[in-house]
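Residue 99 in numbering that gives the first Met the number 0 sits at position 100 of the sequence shown, and the numbers go up by one each step. Backbone N, C-alpha and C define an ideal beta-carbon position, used for all residues, glycine too. Report on the structure given below.
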Amino acid sequence: MIYTLAMYKAKLPYLFFRKIGFQVFLGIFIFSLLSFSLKTMALSLIVNNSVTETPSSTQAIRNIFTLQRKYWDNGSKIKIFVFVDDNLLHQQFCKQITHIFPHQYRRIWDRLRFSGTGVAPTTVKTIEEMLERITKTKNAIGYIDDSQIGESQADESDGLTQLRVIKLEGFVDGVQ
């Protein structure tokens with residue numbers, strides 16, 4: 000069969016979209032494999048033993064971390080500790096527990112800090128630093144992956160007595 004220029008031009012869009020379609024399919028397939036292989040973390044709030052109350056809802060946690068609530072019920076100032084913005088645990092906490100993106104938190108904290116009406120939460124880089132800061136700071140609150148509490152504190156048995164862990168199982172992907 001002899002192809003004329005008109006016949007070749009008619010097939011060109013078909014071949015182009017067929018190749019693009021395959022690349023899109025391949026990209027979606029690879030992304031889905033990677034997303035299923037990511038470890039989901041069981042998140043928990045951790046508070047210093049000086050904190051007697053327990054945030055009971057997503058809204059209560061959101062109010063604390065957006066600095067709308069600055070004091071515990073006993074009148075003491077809440078001290079908040081968070082991981083750095085690009086930390087996977089921080090991103091998961093923000094999105095799944097409080098339903099606010101990390102960049103939105105940063106914007107809220109920066110606005111309060113630069114206007115002089117609030118102090119941004121203290122950022123930590125490692126889980127060990129988070130546990131240490133919560134343990135040593137009265138009225139402190141933070142969050143952590145459940146699986147890492149035992150690993151990080153195995154040799155410091157008296158450190159765990161200063162922490163209280165609040166499981167967030169019912170909070171993930173749903174408002175409680």
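From the DSSP secondary-structure annotation, give me the bridge partner or partners of Phe-82. Val-123
Coil, strand or helix - Lys-69 by DSSP: Three-state result, Lys-69: coil.
With burial defined as no fewer than 16 other Cβ atoms inside 10 Å of the residue's Cβ, what is the status of Ala-41: buried or exposed? exposed
Sorted by chain position, which residues of the same chain lie with C-beta nearer than 7 Å to Phe-35's C-beta, five sequence neighbours on each side aside? The predicted model places Phe-35 with a pLDDT of 46, which falls under 50 and marks its position as unreliable, so this point remains unresolved.
Around the Cβ of Ser-43, are there at least 16 other Cβ atoms within 10 angstroms (buried) or fewer (exposed)? buried
For Ile-45, which three-state DSSP category applies? In the three-state DSSP reduction, Ile-45 falls in the strand class (E or B).
Any C-beta of chain D sitting closer than 7 Å to the C-beta of Thr-53? You won't find chain D in this structure, because it holds only one protein chain.
CA-to-CA distance, Phe-64 to Asn-178, given in whole angstroms: The structure shown has nothing for residue 178, since the chain only spans 0 to 175.
Segment limits, beta strand (DSSP E) that includes Asp-145: From DSSP, Asp-145 is part of no beta strand (DSSP E); its letter is neither H nor E.
For Ile-165, report the span of its beta strand (DSSP E) as first-last. 162–166
Counting pairs of Cβ atoms below 8 Å between the region 133–146 and the region 48–61, do you hit three or more? yes
Proximity of Thr-97 and Arg-61 at Cβ, strictly below 7 Å: Result yes, Cβ atoms of Thr-97 and Arg-61 sit closer than 7 Å.
Run the proximity test for Thr-122: is its beta-carbon closer than 6 Å to any non-hydrogen atom belonging to the ligand FAD? No copy of the ligand FAD appears in this structure; indeed no ligand is present at all.
In the structure shown, what three-state DSSP assignment does Lys-135 receive? helix
Would the beta-carbon of Leu-162 fall within 7 Å of that of Thr-134? Cβ atoms of Leu-162 and Thr-134: closer than 7 Å.
Alpha carbons only, please: which of Trp-108, Val-118 and Gln-147 is nearest the one belonging to Glu-128? Gln-147
Ile-140 (DSSP reduced to helix, strand or coil): strand
Among the residues of its own chain, which have a CB less than 7 Å from the CB of Phe-100, if the five just before and after it don't count? Cys-93 and Lys-94
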